[in-house]
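Since the structure comes first, as structure tokens, the remarks are kept for the end.
Numbering (the working numbering), first residue to last: 14 to 269.
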């Protein structure tokens with residue numbers, strides 16, 4: 014299961030059924046969970062903890078030191094959950110002590126070729142980051158978000174649940190839940206209707222999300238007033254709960 018040319022530090026913790034291809038380098042303080050595959054020429058540095066059933070395609074750089082001039086060799090962390098796919102040439106950096114000290118990637122994410130995930134980023138579950146997407150430091154991507162190819166995200170931005178960022182988007186403010194954005198700089202284009210249908214939102218919930226979008230973007234309301242109206246608009250299922258919480262916690266402001 015481990016190619017003879019791979020270099021594995023004896024302090025690494027690798028589950029017995031992990032496959033490691035030719036010319037990989039796995040440094041110490043790295044844990045790789047069961048059912049995972051590491052294709053040829055991947056480098057994994059630590060401290061890094063990787064869960065089960067992850068697939069790393071060739072030429073990835075996983076767990077390297079952060080690209081931050083304040084970094085001074087502190088033992089920061091990369092944590093990766095289960096069932097993720099990382100395609101060719103993906104680069105993921107560890108965290109910094111100036112933030113949470115770790116970069117975190119959840120479960121069942123699809124990270125396509127050439128993606129860069131910088132220090133202290135948090136990626137939720139079921140996200141898609143298409144080719145050559147680049148996240149600056151401290152970015153949070155919430156569950157079910159989709160970032161189109163060549164999307165660029167500024168430091169400290171948040172990408173909301175079920176949002177969709179079109180190809181080549183340049184994002185310098187937060188993208189609210191459910192919203193489709195595109196352009197340079199990114200601006201709102203509507204709601205992610207097709208994505209919400211695929212995830213089982215009812216017709217009533219879809220209509221409510223459409224109303225929420227109009228309140229947020231079509232009435233001329235300031236954010237505080239829009240948030241008040243959204244709280245009144247919410248249904249018994251709490252369909253807008255996560256959106257309202259996202260807006261309350263937004264520090265960079267939302268795309269307009």
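The C-beta atom is built at its ideal place from N, Cα and C for all residues, glycine as well.
Cβ-based burial, residue i [other Cβ within 10 Å; buried from 16]
i: residue 46; result: buried
i: residue 35; result: exposed
i: residue 67; result: buried
i: residue 155; result: buried
i: residue 249; result: exposed
i: residue 91; result: buried
i: residue 20; result: exposed
i: residue 97; result: buried
i: residue 16; result: exposed
i: residue 258; result: exposed
i: residue 261; result: exposed
i: residue 220; result: exposed
i: residue 23; result: exposed
i: residue 160; result: buried
i: residue 245; result: exposed
i: residue 104; result: buried
i: residue 18; result: exposed
i: residue 32; result: exposed
i: residue 252; result: buried
Bridge-paired residues (DSSP) for residue i
i: residue 137; result: DSSP lists no partner for residue 137.
i: residue 69; result: 51, 99
i: residue 147; result: 129, 165
i: residue 37; result: Note: residue 37 sits in no beta bridge, so no partner.
i: residue 177; result: 159, 193
i: residue 26; result: 44
Of the residues the options, the one placed nearest residue i, counting alpha carbons only
i: residue 108; options: 127, 60, 74; result: 60
i: residue 199; options: 181, 23, 208; result: 181
i: residue 122; options: 206, 93, 238; result: 93
i: residue 202; options: 210, 190, 138; result: 190
i: residue 134; options: 169, 253, 72; result: 169
i: residue 144; options: 243, 186, 178, 234; result: 178
i: residue 254; options: 264, 243, 263; result: 243
i: residue 64; options: 27, 89, 78, 80; result: 27
i: residue 227; options: 269, 186, 161, 196; result: 269
i: residue 124; options: 266, 104, 106, 99; result: 99
i: residue 212; options: 74, 79, 175; result: 175
i: residue 196; options: 163, 215, 214; result: 163
i: residue 84; options: 106, 240, 215; result: 106
i: residue 126; options: 112, 265, 136, 141; result: 141
i: residue 239; options: 56, 171, 113, 267; result: 267
i: residue 171; options: 263, 56, 54; result: 263
i: residue 113; options: 79, 186, 232; result: 79
i: residue 57; options: 129, 215, 223, 25; result: 25
i: residue 110; options: 252, 53, 82; result: 82
C-beta atoms of residue i and residue j nearer than 8 angstroms
i: residue 131; j: residue 149; result: yes
i: residue 41; j: residue 30; result: no
i: residue 193; j: residue 204; result: yes
i: residue 188; j: residue 173; result: yes
i: residue 69; j: residue 51; result: yes
i: residue 119; j: residue 102; result: no
i: residue 76; j: residue 117; result: no
i: residue 153; j: residue 165; result: no
i: residue 146; j: residue 115; result: no
i: residue 225; j: residue 206; result: no
i: residue 37; j: residue 55; result: yes
i: residue 186; j: residue 235; result: no
Min CB distance residue i to chain D below 8 angstroms
i: residue 160; result: In the displayed structure, chain D is absent; only one protein chain is listed.
> Unbroken beta strand (DSSP E) runs of length 3 or more, entirely within the stretch 195-230: which are they?
Replying inline: As far as the stretch 195-230 is concerned, its whole beta strand (DSSP E) runs of at least 3 residues are 200-204.
>> What ranges does the beta strand (DSSP E) occupy inside the stretch 75-131, keeping only unbroken runs of at least 3 residues that lie completely in it?
In response: If we require 3 residues or more, the beta strand (DSSP E) runs fully inside the stretch 75-131 come out as 90-93, 104-106, 115-118.
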